[in-house]
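Colleague:
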Amino acid sequence: MSEVMIKYPENVSKIAKILSDNGYKAYAVGGCIRDALMEKKPADWDMTTDCPPSTMLEIFEKEGLRTIPTGLKHGTVTILIGNETYECTTFRIDGSYTDSRHPDSVTFTPELSEDLRRRDFTVNAMAGDPLLSNGITDIFGGRNDIENKIIRAVGDPEKRFTEDALRILRAVRFATTLDFSIDNDTKAAAKSLGSRLKDVSAERKAVELKKILLSKNADRGISLLLELDLAKYIHPSISSPKTTVSSLPERFSTRLASLFHGVPNLSVMKLSNEITTQVKLLCDDDLYDEIINSNEQIDVKARLMLSKYGELAEDAALLRDDVKLCDTISSERKKNPCVKITDLAVSGNDILNIGIKPRNIGNIMQKLLALVIKNPSLNEKGKLLSIVTEIKE
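Adding 309 to a residue's 1-based position in the sequence shown gives its number in our numbering.
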């Protein structure tokens, strides 16, 4: 690929210079170098060094910089400069991974090449010297794989995936978000070792799925998960989407709902209560069909959708490819219609004051709301109290 001169943030260069002045080497490493070479703005800048973590703490304290001993066992120190944080990790060699996530032990090493060798994919196994704008260390062909848009494991893919099974999903995620292909050997290893995802926490898997679903290439990502037979290890009921995922709003719950046919039991995914509730609501075909199959005009159906689905009303229609209803819902939403009890022009106290027993108020309010959804012009205090009086009589 053509030569890209990386412009390192001032603070990254400052950290490298401090370590250099104390006789150590320091590099920006991983995803930040990948993104910079692709001329994208890195989300963060991770660094690696031959300086031992305890020495790092001493050096930066001497320089008046705050540090956090984030993970000294694994060689990681967080350096705070202003409002920015930078993780700097000592070059290391990882031991065996009996928990399929963390190395049982790490050995610090003076060799950058050994540190890069332990990383997941070639595009993430490059280091850049912040004191040399074109000083890139790339011993596994990461730049070439970026140019050819390939996700390839560093070394033996089976070993990489056995060390940390989440890397299997990360391969799909990077292929999706970067719009790359997965190298054949890496893909074969991902498929053959997919069952190891059973040992990965639901929360970690959900993070990767969310990034896949919110990507502009979400449909390709889901196709890969299904092709490699990996989706079932995230949730056993995930299947081909009901519609084009990338055409849906960039809302995790909505895009996740597109993968289910019927209301799923989401306990296995350990999602937040909010996301779980939203997905179940969006997947409730009985509720949707009750509204759509009613004899009401489309504007009334739209207000019923707003009443039942709230902010997700348009999403529920789009999940079922009902563009006309979605447009009508959006049009009705702009009118700020009465679709909730609290939108009614009367309160429970108003109804109580005309002699209705407290136990009947909730039921009457529901009846009033149903009438107003059908005929918004009724939402005036006088009209509604008259209706209540008629009901009472």
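Positions of the beta carbon are idealized from the N, C-alpha and C atoms, including for glycine.
Mapping the DSSP letters down to three states, classify S532 as helix, strand or coil.
Modeller: Residue 532 sits at position 223 when you count from the first residue of the sequence shown. Looking at S532 - three-state DSSP - the assignment turns out to be helix.
Colleague: Quick test of the definition: if touching needs 3 or more C-beta pairs under 8 Å, does the stretch 504 to 511 touch the stretch 459 to 466?
Modeller: In short, these stretches do not touch, since the Cβ pair count stays below three.
Colleague: Determine, using beta carbons only, whether L628 and T552 come nearer to each other than 8 Å.
Modeller: The residue you call residue 628 lines up with position 319 of the sequence shown. The residue you call residue 552 lines up with position 243 of the sequence shown. Yes, these two residues count as a Cβ contact at 8 Å.
Colleague: Does the stretch 354 to 370 come into contact with the stretch 313 to 332, if we say contact requires no fewer than three beta-carbon pairs (one atom in each stretch) closer than 8 Å?
Modeller: Contact holds: three or more Cβ-Cβ distances are below 8 Å.
Colleague: Roughly how many angstroms lie between the CA atoms of T586 and S562, to the nearest whole one?
Modeller: As a working mapping, residue 586 is identified with position 277 in the sequence shown. As a working mapping, residue 562 is identified with position 253 in the sequence shown. Taking the straight line joining both Cα atoms gives about 9 Å.
Colleague: Hey, S616 and K610: beta-carbon distance below 8 Å or not?
Modeller: Against the sequence shown, residue 616 aligns to sequence position 307. Against the sequence shown, residue 610 aligns to sequence position 301. Against a cut-off of 8 Å, the Cβ pair of K610 and S616 comes out as no contact.
Colleague: Alpha helix (DSSP H) containing A325: first to last residue?
Modeller: Taking the sequence shown and counting its residues from 1, the one referred to as residue 325 is at position 16. A325 -> alpha helix (DSSP H) spans E319 to D330.
Colleague: Out of curiosity, what's the CA-to-CA distance linking A484 and S524?
Modeller: What you label residue 484 is simply residue 175 of the sequence shown in a count that begins at 1. What you label residue 524 is simply residue 215 of the sequence shown in a count that begins at 1. Spanning the two alpha carbons is a distance of roughly 11 Å.
Colleague: Over what stretch of residues does the beta strand (DSSP E) that includes F449 continue unbroken?
Modeller: Counted from its first residue, the sequence shown places residue 449 at position 140. Where F449 is concerned, there is no enclosing beta strand (DSSP E), given that its DSSP letter is neither H nor E.
Colleague: With distances taken between CB atoms, is the gap from F430 to I460 smaller than 8 Å?
Modeller: On the sequence shown, residue 430 is found 121 positions in, with the first residue counted as 1. On the sequence shown, residue 460 is found 151 positions in, with the first residue counted as 1. Yes, these two residues count as a Cβ contact at 8 Å.
Colleague: Of all the options L533, L389, H544 and L441, which has the alpha carbon lying nearest to the alpha carbon of L580?
Modeller: As a position in the sequence shown, residue 580 is number 271, starting the count at 1. It is H544.
Colleague: Kindly indicate which residue of H383, S556 and L535 has the alpha-carbon position closest to the one of D630.
Modeller: Indexing the sequence shown from 1 puts residue 630 at position 321. The candidate whose alpha carbon is nearest that of D630 is S556.
Colleague: Mapping DSSP to helix, strand and coil, what is V655?
Modeller: For the purposes of this step, residue 655 is identified with residue 346 of the sequence shown, where counting begins at 1. If DSSP states are grouped into helix, strand and coil, V655 belongs with coil.
Colleague: Could you check if S695 is buried or exposed, using at least 16 other CB atoms within 10 Å of its CB as the buried criterion?
Modeller: Sequence index remark: in the sequence shown, residue 695 carries index 386 (1-based). By the neighbour-count rule (16 or more Cβ atoms within 10 Å), S695 is not buried but exposed.
Colleague: By the three-class DSSP mapping on this structure, what secondary structure does L389 have?
Modeller: In the sequence shown, the residue the question calls residue 389 occupies position 80. In the structure shown, L389 sits in a strand (DSSP, three-state: E or B).
Colleague: Checking the sheet assignment: what are the DSSP bridge partners for F470?
Modeller: Within the sequence shown, the letter at position 161 stands for residue 470. Note: F470 sits in no beta bridge, so no partner.
Colleague: I682 and R612: beta carbons closer than 8 Å?
Modeller: By one-based count along the sequence shown, residue 682 stands at place 373. By one-based count along the sequence shown, residue 612 stands at place 303. Yes, these two residues count as a Cβ contact at 8 Å.
Colleague: Quick check: what's the CA-CA separation for L693 versus K649?
Modeller: Residue mapping note: residue 693 aligns to position 384 of the sequence shown, counting from 1. Residue mapping note: residue 649 aligns to position 340 of the sequence shown, counting from 1. About 15 Å.
Colleague: Buried or exposed: where does P439 fall if 16 or more other Cβ atoms within 10 Å of its Cβ makes it buried?
Modeller: As a working mapping, residue 439 is identified with position 130 in the sequence shown. The residue in question, P439, is buried, as its Cβ has 16 or more Cβ neighbours within 10 Å.
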